[in-house]
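In order, the protein sequence lines correspond to chains B and D. Residue numbers 2 to 575, in my numbering, belong to the letters of the first sequence in order. Residue numbers 51 to 216, in my numbering, belong to the letters of the second sequence in order. Structure first, then comments.
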Amino acid sequence: MEMLSGAEMVVRSLQDEGIEHIFGYPGGSVLDIYDAIFQSDKIEHYLVRHEQAAVHMADAYSRATGKVGCVLVTAGPGATNCITGIATAYMDSIPLVVLSGQVPTFWIGDDAFQETDMIGVSRPIVKHSFSCRTAEEIPMAIKKAFYIAATGRPGPVVIELPKDVQNPLNKFPYEYPENISLRSYNPTLSGHKGQIKRAVAALVNARKPVLYVGGGAIIANASKQVLELAEKLNLPVTNTLMGLGAFPGEHKQFIGMLGMHGTYEANKSMHNADLIFSCGARFDDRVTNNVEKFCPNAKIMHIDIDPTSISKNIHADLPIVGSVEVVLQQMLDLIEETQATNDSESINAWWDQINEWRAKDCLAYKTSDTHIKPQQVIQSLYKVTKGDAIVTSDVGQHQMVAAQYYPFKEPRQWINSGGAGTMGFGLPAAMGCKIAFPDRPVVCVTGDGSIQMNIQELSTCMQYNIPVVILLLNNRSLGMVKQWQKMFYGGRQSHSYMDSVPDFVKLSEAYNHIGIKVDKIEELEPALIRAFELKDRVVFIDVAIDPEEHVYPMQVKFGSMQDMYLSKTEKTDA
Amino acid sequence: MRRIIAVLLENESGALSRVVGLFSQRAYNIESLTVSPTNDKTLSRMTITTDVVNHAELEQMMKQLHKLVDVLRVTELTQSAHVERELLLVKVRTVGSEAREEIKRTCDIYRGQIVDITQHLYTIQLTGVGSKLDAFVATISDASEIVEVVRSGVCGIARGDKALRG
Numbered sequence: 002m003e004m005l006s007g008a009e010m011v012v013r014s015l016q017d018e019g020i021e022h023i024f025g026y027p028g029g030s031v032l033d034i035y036d037a038i039f040q041s042d043k044i045e046h047y048l049v050r051h052e053q054a055a056v057h058m059a060d061a062y063s064r065a066t067g068k069v070g071c072v073l074v075t076a077g078p079g080a081t082n083c084i085t086g087i088a089t090a091y092m093d094s095i096p097l098v099v100l101s102g103q104v105p106t107f108w109i110g111d112d113a114f115q116e117t118d119m120i121g122v123s124r125p126i127v128k129h130s131f132s133c134r135t136a137e138e139i140p141m142a143i144k145k146a147f148y149i150a151a152t153g154r155p156g157p158v159v160i161e162l163p164k165d166v167q168n169p170l171n172k173f174p175y176e177y178p179e180n181i182s183l184r185s186y187n188p189t190l191s192g193h194k195g196q197i198k199r200a201v202a203a204l205v206n207a208r209k210p211v212l213y214v215g216g217g218a219i220i221a222n223a224s225k226q227v228l229e230l231a232e233k234l235n236l237p238v239t240n241t242l243m244g245l246g247a248f249p250g251e252h253k254q255f256i257g258m259l260g261m262h263g264t265y266e267a268n269k270s271m272h273n274a275d276l277i278f279s280c281g282a283r284f285d286d287r288v289t290n291n292v293e294k295f296c297p298n299a300k301i302m303h304i305d306i307d308p309t310s311i312s313k314n315i316h317a318d319l320p321i322v323g324s325v326e327v328v329l330q331q332m333l334d335l336i337e338e339t340q341a342t343n344d345s346e347s348i349n350a351w352w353d354q355i356n357e358w359r360a361k362d363c364l365a366y367k368t369s370d371t372h373i374k375p376q377q378v379i380q381s382l383y384k385v386t387k388g389d390a391i392v393t394s395d396v397g398q399h400q401m402v403a404a405q406y407y408p409f410k411e412p413r414q415w416i417n418s419g420g421a422g423t424m425g426f427g428l429p430a431a432m433g434c435k436i437a438f439p440d441r442p443v444v445c446v447t448g449d450g451s452i453q454m455n456i457q458e459l460s461t462c463m464q465y466n467i468p469v470v471i472l473l474l475n476n477r478s479l480g481m482v483k484q485w486q487k488m489f490y491g492g493r494q495s496h497s498y499m500d501s502v503p504d505f506v507k508l509s510e511a512y513n514h515i516g517i518k519v520d521k522i523e524e525l526e527p528a529l530i531r532a533f534e535l536k537d538r539v540v541f542i543d544v545a546i547d548p549e550e551h552v553y554p555m556q557v558k559f560g561s562m563q564d565m566y567l568s569k570t571e572k573t574d575a
Numbered sequence: 051m052r053r054i055i056a057v058l059l060e061n062e063s064g065a066l067s068r069v070v071g072l073f074s075q076r077a078y079n080i081e082s083l084t085v086s087p088t089n090d091k092t093l094s095r096m097t098i099t100t101d102v103v104n105h106a107e108l109e110q111m112m113k114q115l116h117k118l119v120d121v122l123r124v125t126e127l128t129q130s131a132h133v134e135r136e137l138l139l140v141k142v143r144t145v146g147s148e149a150r151e152e153i154k155r156t157c158d159i160y161r162g163q164i165v166d167i168t169q170h171l172y173t174i175q176l177t178g179v180g181s182k183l184d185a186f187v188a189t190i191s192d193a194s195e196i197v198e199v200v201r202s203g204v205c206g207i208a209r210g211d212k213a214l215r216g
């Protein structure tokens, strides 16, 4: 058998796991692993400028490809800098393996230099974690980590590797395990047959059904089944923020995103539905609004691979534990077999009602002669990219506007931090996507607050020539914070404006990128066209937008789903 | 509602901290927790007593426990016939033979045992359900001065054929 050191085992195990790209930052306690990487020609490593960005890159790489993202960092601050990234992946169920160095085993507990209990610090935000105390444990720990990260409800897994365990002088027999089974971990994939029958019956008997599709449908690659089911039964479909792209944004049965900044028709349809069929969505508070007033007449059907997501916030009348893809396929097979159909007359009446809500055109907005509106920017982006770009975003108003005004055609096209709401996610996320798909246009829609949280990665872009487009909706303030302050805090703008926004054009040029400033609407489209034509350069477009624009619709706090502000002056009847 | 949850989990480092962390992270209440390896040394058995507001909270708690990668089985004991026991060790100060007699009598009534003595101290061991231990502590405090009390927390097992096995 081949004899390898602990450090070599780490690299070989990653290779044998099929890992091609890893993101990281070296330091004292992982130098042996970095030395082994230096001698490997199979793994491409990207050196970031801050470990948080490494995790976001690996995370977005995973979101875009469906593969497991991989990160390598040193002990102590290297590890703790990953925490926000790990929390982001955890909240959105993204599979990651984070390898972190640790002080030698004989120093653990002594408060040694760069010692942090990474297993302890990360515990609430990982799916699982391993600490390798001998080199022989490494291959199995890595095998288990990738298996656990990718299966069931995916999530981040941390592996801690003390320095002495990596020692290049100590060699041990190496074999990468081919198969794995864990007696305590067996995710359920297919749905209970009785529940499938009941679900089909409930669905075909519903007169006002809504298909409520979340990120779980994307993770499970269930878009084909969602589309087939929706078309077969003529069901209205709404996507969560995480589910955008799971159902085509321009499909006639798509009624828009739902929730806090969802469309009028999506929130109205939910509230008035008699059946809500949740496919891989978890009834998040940003969707349900006040749970006491949530969809009073609806029977709730819920497919989720994670049993804890079922009946956590909203009681499910018909729970089905399983993968969205497998369960929907089971339902489609049963519908085919029994030739089950729904009552087209009542469905048509339901559509008439929905179309009446649609006619309100809740995403219409007023343009201005003096200011560029954020909505215009996203619509131009859609036009110039023909709807084909991978769009990553940061967190805030720009994120909501991108979600509302860029109809995503397919899954894995919209990459954002939905659960954790992590500012600083967008740029490294775009880089991770571009590394995964060098030939596709990748754009980071960002704000002047968010971009400055990981702007150092412009340097990484320069080093590896990762030509993403950065589209900054610059309102010289923390727009969403300001919106809330205007609406709910008497307009007191406590620390929500930035009176020292840098010159982003010069900043981009300092990193040898191209910066374009857009102040007038007529400059916008040419700038975007140029940015996407320059395929081998990072282009940073700084668009001065109307600082007073708010995101609407917006649900009224403590209200039901259908209680919304529709503009600064219009509100639905309570 | 007081509930007793029995958990069978991998006997691995970090497993206990994951369970305890889950309870604090999700704002669940732990009244007592005991854990020890089973006859199969690769497995640990844990008994958790908790106070839940309703059945939905209990169900969510059990699902969350089961979601932990280390956890094999989770069951709730109070919903059917079960045996629960707690161990109490109490050290009391006694002065005079009359007081000692009284303590010995009380111990006998409760079927406790005196497991250690010094010139002025008795250490008493008692097992039973929590309310019995409470009553014993109250009674013994009338006859003596309590110096120290330690309780194990509840251990529980289902009656009859039911078993929690790997």
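Cβ coordinates follow ideal geometry from the N, Cα and C atoms, glycine included.
Review point. With distances taken from CA atoms, which of B:P408, B:D286, B:E458, B:V98 is nearest A431 of chain B?
Key: Your numbering for residue 431 of chain B matches position 430 in the first sequence. Comparing Cα-Cα distances from A431 of chain B to each of B:P408, B:D286, B:E458, B:V98, the minimum goes to B:E458.
**Study point:** Per-residue contacts from L122 of chain D into chain B (C-beta, under 7 Å)
**Key:** Mapped onto the second sequence, residue 122 of chain D falls at position 72. Result: R184, S185.
Exercise for review: Quick one: list the residues of chain B neighbouring V119 of chain D, beta-carbon separation under 8 Å, in chain order.
Suggested key: Locating residue 119 of chain D in the second sequence gives position 69, where the first residue counts as 1. Using a Cβ-Cβ cut-off of 8 Å, V119 of chain D is close to K128, H129, I149, L183, S185, Y186 of chain B, given in chain order.
Check your understanding: Along chain B, which residues have their Cβ under 7 Å away from the Cβ of R68 of chain D?
Key -> Position 18 of the second sequence, counted from the first residue, corresponds to residue 68 of chain D. Per Cβ cutoff of 7 Å: R124.
**Study point:** Residues bridged to A545 of chain B (per DSSP)
**Key:** Position 544 of the first sequence, counted from the first residue, corresponds to residue 545 of chain B. Residue pairing for A545 of chain B: DSSP places it in a beta bridge opposite B:N475.
Exercise for review: Since I believe D60 of chain B is in contact with G70 of chain B (beta carbons under 8 Å), could you give me their beta-carbon distance rounded to a whole number of angstroms?
Suggested key: Reading the first sequence from its first residue, position 69 is the one you call residue 70 of chain B. Reading the first sequence from its first residue, position 59 is the one you call residue 60 of chain B. With a beta-carbon spacing of about 6 Å, G70 of chain B and D60 of chain B fall inside the 8 Å limit used to define contacts.
Review point. Where does C445 of chain B sit, in a helix, a strand or coil, going by DSSP?
Key: Here residue 445 of chain B corresponds to residue number 444 of the first sequence, with the count starting at 1. Reduced to three states, the DSSP call for C445 of chain B is strand.
Exercise for review: Could you list the residues in the region 293-309 of chain B with a C-beta less than 8 Å from some C-beta on chain D, going in chain order?
Suggested key: Those residues of the region 293-309 of chain B placed with their C-beta closer than 8 Å to a C-beta in chain D are D307, P308, T309, ordered along the chain.
Practice item. Give every residue of the same chain whose Cβ lies closer than 7 Å to the Cβ of Q486 of chain B, excluding the five residues on either side of it in the sequence, and list them in chain order. Key: Translated into positions along the first sequence, residue 486 of chain B becomes position 485. Within the same chain, Cβ atoms closer than 7 Å to the Cβ of Q486 of chain B are found at G492, R493, Q494, S495, S497, the five residues on either side in sequence being excluded.
Point to revise | CA nearest to the CA of C83 of chain B, picked from B:M58, B:Y148, B:Q400 | key: Translated into positions along the first sequence, residue 83 of chain B becomes position 82. Ranking the options by Cα distance to C83 of chain B, first place goes to B:M58.
Check your understanding: Which same chain residues, not among the five before or five after T99 of chain D, have their C-beta less than 6 Å away from its C-beta?
Key -> For this step, residue 99 of chain D is matched to residue 49 along the second sequence. Around T99 of chain D: I54, E81, S82, V204.
Check your understanding: Residues of chain B with a CB under 8 Å from the CB of A106 of chain D: which are they?
Key -> Taking the first residue of the second sequence as 1, we reach residue 106 of chain D at position 56. Those within 8 Å of A106 of chain D in chain B are S312, H316.
Check your understanding: Since T173 of chain D and L139 of chain D are thought to touch, with beta carbons under 8 Å apart, how far apart are those beta carbons, to the nearest angstrom?
Key -> As a working note, residue 173 of chain D is residue 123 in the second sequence. As a working note, residue 139 of chain D is residue 89 in the second sequence. Their Cβ separation, rounded to whole angstroms, is 6 Å, which keeps T173 of chain D and L139 of chain D in contact under 8 Å.
Check your understanding: Excluding sequence positions up to five away, which residues of its chain have a Cβ less than 7 Å from the Cβ of G216 of chain D?
Key -> Here residue 216 of chain D refers to the residue found at position 166 of the second sequence. Cβ neighbours of G216 of chain D within its own chain (closer than 7 Å, five residues either side excluded): L58, D90, L93, L122.
Practice item. Kindly give me the distance between the Cβ atoms of V1 of chain B and I321 of chain B, rounded to whole angstroms, as I take these residues to be in contact under 8 Å. Key: As displayed, chain B neither begins before 2 nor continues past 575, which places residue 1 of chain B out of reach and without an answer.
Review point. Listed in chain order, which residues of the region 129-159 of chain D have Cβ atoms closer than 9 Å to some Cβ of chain B?
Key: Answer in chain order: no residues at all.
Exercise for review: Take C133 of chain B as the anchor and find which of B:N168, B:I126, B:A113 has the nearest alpha-carbon.
Suggested key: Position 132 of the first sequence, counted from the first residue, corresponds to residue 133 of chain B. The candidate whose alpha carbon is nearest that of C133 of chain B is B:N168.
Exercise for review: Return yes when the Cβ of T88 of chain D is within less than 8 Å of the Cβ of S202 of chain D, no when it is not.
Suggested key: Residue numbering aside, residue 202 of chain D sits at position 152 when the second sequence is read from its first letter. Residue numbering aside, residue 88 of chain D sits at position 38 when the second sequence is read from its first letter. Against a cut-off of 8 Å, the Cβ pair of T88 of chain D and S202 of chain D comes out as no contact.
Exercise for review: With 8 Å as the threshold, decide whether the Cβ of E126 of chain D is near any Cβ in chain B.
Suggested key: Indexing the second sequence from 1 puts residue 126 of chain D at position 76. Not closer than 8 Å to any Cβ of chain B, the Cβ of E126 of chain D fails to qualify, so no.
**Study point:** Chain-ordered neighbours of I120 of chain B on chain D, where CB pairs are closer than 8 Å
**Key:** Counted from its first residue, the first sequence places residue 120 of chain B at position 119. Here the neighbours are G64.
Point to revise | For G425 of chain B, three-class secondary structure by DSSP | key: Counting from 1 along the first sequence, the entry for residue 425 of chain B is found at position 424. G425 of chain B: coil per DSSP, three-state reduction.
Practice item. Give the range of the beta strand (DSSP E) segment to which A56 of chain D is assigned. Key: Taking the first residue of the second sequence as position 1, residue 56 of chain D is located at position 6. Going by DSSP, A56 of chain D is part of the beta strand (DSSP E) stretching over 52-60.
Exercise for review: Just grab the DSSP bridge partners of N240 of chain B for me.
Suggested key: Residue numbering aside, residue 240 of chain B sits at position 239 when the first sequence is read from its first letter. Note: N240 of chain B is bridge-paired with B:V214, B:M258 in the DSSP secondary-structure output.
**Study point:** With 16 other Cβ atoms within 10 Å as the buried cut-off, status of Q129 of chain D
**Key:** As a first step, residue 129 of chain D must be located in the second sequence, where it is residue number 79. Around the beta carbon of Q129 of chain D, a 10 Å sphere encloses fewer than 16 other beta carbons of the protein chains shown; the residue is thus reported as exposed.
Point to revise | Run of the beta strand (DSSP E) containing S82 of chain D, from where it starts to where it stops | key: Start at 1 with the first residue of the second sequence, and residue 82 of chain D comes out as number 32. Its beta strand (DSSP E) spans residues 82-87.
**Study point:** Close beta carbons around P375 of chain B, own chain, < 6 Å, minus the five adjacent residues each side
**Key:** Indexing the first sequence from 1 puts residue 375 of chain B at position 374. Within the same chain, Cβ atoms closer than 6 Å to the Cβ of P375 of chain B are found at V402, L474, I546, E550, the five residues on either side in sequence being excluded.
**Study point:** Any alpha helix (DSSP H) of 4 or more consecutive residues that is wholly inside the region 2-59 of chain B
**Key:** Taking only runs of at least 4 residues, the alpha helix (DSSP H) segments lying wholly in the region 2-59 of chain B are 7-17, 32-39.
Point to revise | Alpha-carbon spacing of K435 of chain B relative to A528 of chain B, whole angstroms | key: Residue 435 of chain B sits at position 434 when you count from the first residue of the first sequence. Residue 528 of chain B sits at position 527 when you count from the first residue of the first sequence. The straight-line gap from Cα to Cα measures roughly 20 Å.
Review point. Which chain B residues are close to G210 of chain D, counting only those with a beta carbon under 7 Å from its beta carbon?
Key: One-based indexing of the second sequence puts residue 210 of chain D at position 160. Those within 7 Å of G210 of chain D in chain B number zero; the least Cβ separation is about 25 Å.
Point to revise | Nearest neighbour of P96 of chain B, chosen from B:F114, B:Y407, B:G419, B:V56 [CA to CA] | key: Start at 1 with the first residue of the first sequence, and residue 96 of chain B comes out as number 95. Taking the Cα of P96 of chain B as reference, the smallest distance to any Cα among B:F114, B:Y407, B:G419, B:V56 is reached at B:V56.
Exercise for review: Starting from the C-beta of I530 of chain B, find all residues in its chain whose C-beta is less than 7 Å away, skip the five residues before and the five after it, and write them out in chain order.
Suggested key: Taking the first sequence and counting its residues from 1, the one referred to as residue 530 of chain B is at position 529. The answer, listed in chain order, is V385.
Check your understanding: Shortest alpha-carbon distance to N290 of chain B belongs to which of B:H22, B:M565, B:G28, B:A8?
Key -> The sequence position of residue 290 of chain B within the first sequence is 289, counting from 1. Ranking B:H22, B:M565, B:G28, B:A8 by Cα distance to N290 of chain B puts B:M565 first.
Review point. How about the region 273-292 of chain B and the region 201-218 of chain B: do they share at least three Cβ pairs that are nearer than 8 Å?
Key: Note that the region 273-292 of chain B touches the region 201-218 of chain B; at least 3 beta-carbon pairs, one per stretch, sit closer than 8 Å.
Review point. Mind pulling the chain B residues with CB within less than 7 Å of K113 of chain D?
Key: Locating residue 113 of chain D in the second sequence gives position 63, where the first residue counts as 1. Those are P308, T309, listed as they occur along chain B.
Check your understanding: With respect to the beta strand (DSSP E) encompassing Y172 of chain D, which residues constitute its N-terminal and C-terminal limits?
Key -> For the purposes of this step, residue 172 of chain D is taken as residue 122 along the second sequence, with counting starting at 1. Element bounds for Y172 of chain D: 171-178.
Practice item. Tell me whether M258 of chain B is buried or exposed, calling it buried when 16 or more other Cβ atoms sit within 10 Å of its Cβ. Key: The residue given as residue 258 of chain B occupies position 257 in the first sequence. M258 of chain B counts as buried, since at least 16 other C-beta atoms from the protein chains shown sit within 10 angstroms of its C-beta.
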